[in-house]
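Here is the structure we will look at.
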Amino acid sequence: MKIWLQKLIDISALARTREMLKEALSGLTREFGFDYYAYLNLQPIGTSAFSNYPAEWQERYFTNKLDEVDPIVAIAKSTMRTFVWSSENSKRCASKPIRRFYTDAADFGIRSGITIPVATAFGRVSMLTVASHKPSISLAREIDQVAAAMAVAQLHARIEQAEFDPTAESRIRMTLKQVQLLKWSAEGKSMRAMATIENMTYSNVNSHLNKARKALDAGTLPQATALATKLKLI
1 MKIWLQKLID ISALARTREM LKEALSGLTR EFGFDYYAYL NLQPIGTSAF
51 SNYPAEWQER YFTNKLDEVD PIVAIAKSTM RTFVWSSENS KRCASKPIRR
101 FYTDAADFGI RSGITIPVAT AFGRVSMLTV ASHKPSISLA REIDQVAAAM
151 AVAQLHARIE QAEFDPTAES RIRMTLKQVQ LLKWSAEGKS MRAMATIENM
201 TYSNVNSHLN KARKALDAGT LPQATALATK LKLI
């Protein structure tokens, strides 16, 4: 696995486009004997993926907020260590929602794998998973935790710095009115000015903007406005 991790660092450094990185990761995943790769970036405002999982599975995963149920994500966040997992071993003692998750994933050929979590800026977490259709997997040698984390940190940096679009992501739920008011905020309008423009009361404007701020997990209105702009919501 040491050689594979070094190759992961290499392609993270060399890939200049989204398509180059997708192709390189797919090839490296197959070279390692796996079928799929999935990079997840967990943020308070939502989770995004860069993956070659079947499109239908990615759509189902985010539409149904399965990142909140996914036992692999839970283990990764709680241990922050590279680990091997298998649906066959785990589902025997798991809760009904988790057993359902494993069953649904298996329908798409996702039955076992290796997951490498890394800490990212501001206390966030990202992770890379390579997954297989096999019921279980075994490694000849113990995984070098430091080397694995360093390699995935390089991948995370490449995706973030290049601002590659995710293959799928969770959707932030805001009303049209909340989006409109954030747009006015981005243009420098005060809440009293927004109330006049939109023919609303000041308290109603404040209520809508507070809900928008919470949806974006932002501490202040300027932060919410900046996040909404960055995410191209306004």
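Residue numbering for the sequence shown follows the UniProt record's numbering, starting at 1 and increasing by one per position.
For every residue, glycine included, the Cβ atom is placed at its ideal position computed from N, Cα and C.
Between which residues of its own chain and residue i is the CB-CB distance below 7 Å, once the five residues before and five after are set aside?
i, result
"Leu5", "Ala147, Ala148 and Ala151"
"Val83", "Checking the displayed sequence, the identity of residue 83 turns out to be Phe instead of Val. Hits under 7 Å: Ile75 and Thr115."
"Gln43", "Arg124"
"Arg213", "Leu221 and Ala224"
"Leu155", "Leu8, Ser12, Tyr39 and Leu128"
Identify which residue in the options has its Cα closest to the Cα of residue i.
i, options, result
"Leu128", "Ser136, Val118 and Ser170", "Val118"
"Asp10", "Phe34, Gly33, Gln43 and Ala157", "Ala157"
"Arg81", "Ile137, Ile110 and Asp144", "Asp144"
"Ser190", "Pro222, Ala226 and Ala153", "Pro222"
"Val125", "Phe108, Lys22, Ala76 and Ala226", "Ala76"
"Asp165", "Ser87, Leu231 and Gly188", "Leu231"
"Glu160", "Tyr39, Leu25 and Leu176", "Tyr39"
"Glu198", "Gln178, Glu31, Thr120 and Met20", "Gln178"
So what does DSSP say about residue i, is it helix, strand or coil?
i, result
"Tyr53", "coil"
"Ser48", "strand"
"Leu128", "strand"
"Ala218", "coil"
"Ala24", "helix"
"Glu169", "strand"
"Gly33", "coil"
From which residue to which residue does the beta strand (DSSP E) around residue i run?
i, result
"Phe83", "Phe83 to Ser86"
"Thr229", "From DSSP, Thr229 is part of no beta strand (DSSP E) but of the alpha helix (DSSP H) over Leu221 to Lys230."
"Gly113", "Ser112 to Thr120"
"Asp38", "Before going further, note that residue 38 is Ala rather than Asp in the sequence given. Taken as a continuous stretch (DSSP letters only), the beta strand (DSSP E) holding Ala38 covers Tyr36 to Gln43."
Starting from the C-beta of residue i, find all residues in its chain whose C-beta is less than 6 Å away, skip the five residues before and the five after it, and write them out in chain order.
i, result
"Val69", "Pro97 and Phe101"
"Met194", "Leu181, Trp184 and Val205"
"Pro54", "Phe108"
"Pro135", "Glu88 and Arg111"
"Pro71", "Ile98"
What residue range does the alpha helix (DSSP H) around residue i cover?
i, result
"Phe101", "Lys96 to Ala106"
"Glu160", "Gln145 to Ala162"
"Ile11", "Lys2 to Leu14"
"Arg192", "Met191 to Glu198"
"Thr201", "That residue, Thr201, is in no alpha helix (DSSP H); it is neither H nor E in DSSP."
"Thr79", "Pro71 to Thr79"
"Leu181", "Leu176 to Ala186"
Near residue i, which residues of its chain fall below 8 Å by C-beta distance, leaving aside the five closest residues on each side in sequence?
i, result
"Phe62", "Thr47, Ala49, Ala168, Glu169, Ser170 and Arg171"
"Arg60", "Leu66 and Asp104"
"Thr229", "Ala186"
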